[in-house]
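As given, the protein sequences belong to chains W and X, one line each in that order. Mapping to my numbering: the first sequence position 452 is 452, numbers consecutive. Quick note: to get my numbering, add 1000 to the position in the second sequence (first position is 1). Ideal placement from N, C-alpha and C gives every residue a C-beta, glycine not left out. Structure record follows, encoded as structure tokens.
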Amino acid sequence: MSNKPETKIQIMLLGLDAVTRPLLDTLYTKEQLLEPDYDISVISDKSFQESPTLILVGPPPPKTDINEVAQTLRMKYPRHAIYFMTSVRENFDRGALKKNGFTDAFLIPMDTMIATQQIQKEVSDASHGKIRAYRPVCLIDIRPDQKLEFDTYMYFPVNRKHIRLSEEGNPFEQELMDKLKQASFSQVHVSLDQMPRFFTFAAQQLKSLQKGEGMSETEKKERMVEAIRGLLSGIFSTSTSDATIDVGRNIVSDCQEIVKQFITEGTDGNSWYNKLLTVTGAEEGSYNHAGNVATFGALFSLAVQMGNPEHIALAALLHDIGLADVDAEIQSKPESERSRAEQEAYQKHVEHTLDLIKFRKMILPDPVVKAVQQHHERWSGTGYPKGVAGDRISADAQILALSDRFDYLTMTQDGRARMSPAMAFKEIYEENLQNSSESQFDLELLKKFLEIFPEPREKQTS
Amino acid sequence: MFDPKIRVLIVNEMTTMRKLVVDACREIGMTDLTEASNVAEAWQKMGETQSPYGVVISEWEMTQATGIDLLKRIRRDSKLGNTPFILLTSEAGKSKIVEAAKSGVSAYIVKPFTPDVLKEKIQTALEKPIKPI
């Protein structure tokens, strides 16, 4: 998106924490950010007359109740978008925060992607589309050689630029489509203001294919991300009144519903490969990650007939929830830059996940819990938390770990070229072959994937 | 239109929210305003005054005792039982409204609200006959 807007945009920031604040600097200029003192008695006063585009609020100052902040701001700005953003899970209760007046509440870094998209959407709306924001759409929803009423773009993560692929009023050419598919691209971008046109187009396509009641892959994916977010923020809520057997049972059944509805339904030993191609290359973001790892896990399990697809998908949805209790700064550092103490704190996320599952009274099948517990164990026995090796790591956990690594390598991440599935498996195989004393996976298992995903014919350039 | 000189008791433990209710009351011309920061203080002020309050505007959600607790206490009292009572809340759920109605509330305001809404609700509260609970 452009940093030089034609419309005046002002985002009011109130006490964003050290993890959240830098996000805004990457998106907007100093002039676009308004930072008054975080004193709600001053802000609520009639003499305070700022009228920002949107308001982002961090943890309250001492002796101030966040609900009072929410209610006061909502009274002062009844129609504004007001978002709460924090990196601290303590007292984070999304439902209560929304009830008291926030438009939504984001837990960073878990919600970074979704929060960024939401902020960009507000700014794009306020500028009537002059400040552009984009959304990924599934390539499978765009049929070649048909006139499109919207522009499509390709996002280049290395230089963070959107380059136009096709222009409004023109078709998406078959040749271009073939090239993208060959390079394992599963999505293109559409500007936010043109998304309604994309959805109209996708609906017409489904109708013409006589899938009138169906849903486009793009919409399905958006719904999955929202469903996972709703599910996980329920788990993160620290309210003890929610920690009952009934609530725990509901969470587990919601997890199973997500797995069924978005992941395993309609996928079998024959169709898993096509499904995989619709998912690879998605943008980073925790809910995307949870959804992707669940999808890859179930598909890999079907592909090599190892483990239980439902159990793996369920474990994948939950495998990283414990990260919400790990300091955000530690999470953002690459492993090589973490001190020993920081790495130990990071590794505790497995334990935190299991504690959260217990606290929420979620009764899960034993293999699911085991997969969560073992997803950082390594074939060589050098993993954590227990250092178990070889076949003592459950098949579900091995597939889950492989999906986790695969998603990391194939996702679209700023500043890095993305990999195709074949390149990713080659990379994983080589890193395990070269460093056998610390290998993460069974080489025999990896060989099966190399057969399924043979060497790419040409090098990918994006 | 009601008499703007009626005595109003505003109960809210959140200081800025209480101030916003006071501001909204002033904006619609009301002048005799008393504040209480919790239910105990409100009850005390209601008991010790010679001239009774014409309307109570209380927050529902408070930590020690809630607005509903105060409402029930007032409705059971032989002297204060007929005081018009407005509840402020963030929740518009049906079960909440039913609970408030059963407890004898005169009017119900869902936040955020404007001075005009407040004026309308005070009018409703003053006109509504009080049913004993």
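Does residue i come out as helix, strand or coil in the three-state DSSP assignment?
i: Y287(W); result: helix
i: A1065(X); result: coil
i: D104(W); result: strand
i: H162(W); result: strand
i: T463(W); result: The requested residue 463(W) does not occur in the structure, where chain W is confined to residues 1 to 462.
i: A202(W); result: helix
i: P78(W); result: coil
i: L450(W); result: helix
i: T412(W); result: strand
i: E257(W); result: helix
i: V123(W); result: helix
i: P196(W); result: helix
i: R21(W); result: helix
i: A115(W); result: helix
i: Q10(W); result: coil
i: L356(W); result: helix
i: Q343(W); result: helix
i: E50(W); result: coil
i: A243(W); result: coil
i: S191(W); result: strand
i: Q460(W); result: Caution applies to Q460(W), whose pLDDT of 45 falls short of 50 and renders its modelled position unreliable; the model cannot decide the point.
i: V477(W); result: Residue 477(W) falls outside the range modelled here, since chain W spans only 1 to 462, and no answer is possible.
i: S1058(X); result: strand
Name the residue from the options whose alpha carbon lies nearest to the alpha carbon of residue i.
i: G1029(X); options: Q1050(X), T1049(X), K1005(X); result: K1005(X)
i: I142(W); options: V350(W), T152(W), Y134(W), A133(W); result: T152(W)
i: K63(W); options: T1034(X), R1026(X), A1100(X), T1015(X); result: T1015(X)
i: E217(W); options: V188(W), G234(W), T53(W), I428(W); result: V188(W)
i: N308(W); options: D366(W), M75(W), D327(W), R164(W); result: D366(W)
i: L1009(X); options: W1043(X), E1027(X), M1001(X); result: W1043(X)
i: E219(W); options: T200(W), L232(W), L231(W), I235(W); result: T200(W)
i: A351(W); options: A371(W), E337(W), Y155(W), S336(W); result: A small fix is needed here, since residue 351(W) is Glu in this sequence, not Ala. Per the Cα distances, A371(W).
i: A1125(X); options: N1038(X), K1019(X), S1058(X), Q1064(X); result: S1058(X)
i: N465(W); options: H162(W), Y408(W), T103(W); result: Chain W is shown only over 1 to 462; residue 465(W) falls outside these bounds and no answer can be derived.
i: A389(W); options: K348(W), S437(W), E173(W), Q117(W); result: S437(W)
i: Q413(W); options: P157(W), K221(W), D39(W); result: P157(W)
i: V1056(X); options: E1091(X), S1090(X), Y1108(X), K1094(X); result: Y1108(X)
i: E1127(X); options: S1103(X), I1086(X), K1096(X); result: I1086(X)
i: P385(W); options: Q343(W), A395(W), F425(W); result: Q343(W)
i: V1039(X); options: T1063(X), K1096(X), E1091(X); result: T1063(X)
Taking its Cβ as the centre, do 16 or more other Cβ atoms sit within 10 Å of residue i, making it buried, or is it exposed?
i: G383(W); result: buried
i: Q434(W); result: exposed
i: N170(W); result: exposed
i: L443(W); result: exposed
i: G101(W); result: buried
i: E68(W); result: buried
i: E168(W); result: exposed
i: I393(W); result: buried
i: I363(W); result: exposed
i: K1121(X); result: buried
i: F48(W); result: exposed
i: I399(W); result: buried
i: L1118(X); result: buried
i: K1111(X); result: buried
i: K221(W); result: buried
i: D467(W); result: Residue 467(W) lies beyond the stretch modelled for chain W, which goes from 1 to 462, so this question has no answer here.
Find the residues of chain X that neighbour residue i, judging by a C-beta separation of less than 7 Å, and give them in chain order.
i: K63(W); result: What K63(W) touches in chain X: nothing, since even the nearest Cβ is about 10 Å away.
i: T72(W); result: T1016, M1017, L1020
i: I40(W); result: T1016
i: S47(W); result: Chain X residues near S47(W): none, gap ~12 Å exceeds 7 Å.
i: S44(W); result: T1016, K1019, L1020
For a contact defined as C-beta to C-beta under 8 Å, what are the partners of residue i on chain W?
i: E1091(X); result: K99
Taking Cβ-Cβ distances shorter than 8 Å, what residues in chain X pair up with residue i?
i: E68(W); result: M1014, T1015, T1016, M1017
i: P78(W); result: P1112, T1114
i: M75(W); result: M1017, L1020, K1111, P1112, F1113
- Any 3 or more C-beta pairs closer than 8 Å across the segment 1072 to 1082 of chain X and the segment 1043 to 1055 of chain X: yes
- Item | the segment 397 to 406 of chain W / the segment 295 to 313 of chain W touching (three or more Cβ pairs under 8 Å) | yes
- Flag this pair as touching only if the segment 13 to 32 of chain W and the segment 90 to 97 of chain W have three or more C-beta atom pairs under 8 Å; answer yes or no. no
- Task: Could you say if the segment 71 to 84 of chain W and the segment 1016 to 1023 of chain X meet the contact criterion of at least three C-beta pairs nearer than 8 Å?
- Result: yes
- With contact counted as at least three CB pairs below 8 Å, one residue from each stretch, are the segment 418 to 432 of chain W and the segment 304 to 318 of chain W in contact? no
- Report yes or no: do three or more beta-carbon pairs, one from the segment 103 to 115 of chain W and one from the segment 133 to 140 of chain W, lie closer than 8 Å? no
- Query: Are the segment 77 to 96 of chain W and the segment 42 to 58 of chain W touching by the rule of at least three beta carbon pairs closer than 8 Å?
  - Reply: yes
- Should the segment 245 to 259 of chain W be called in touch with the segment 223 to 236 of chain W, which here means at least 3 C-beta pairs below 8 Å? yes
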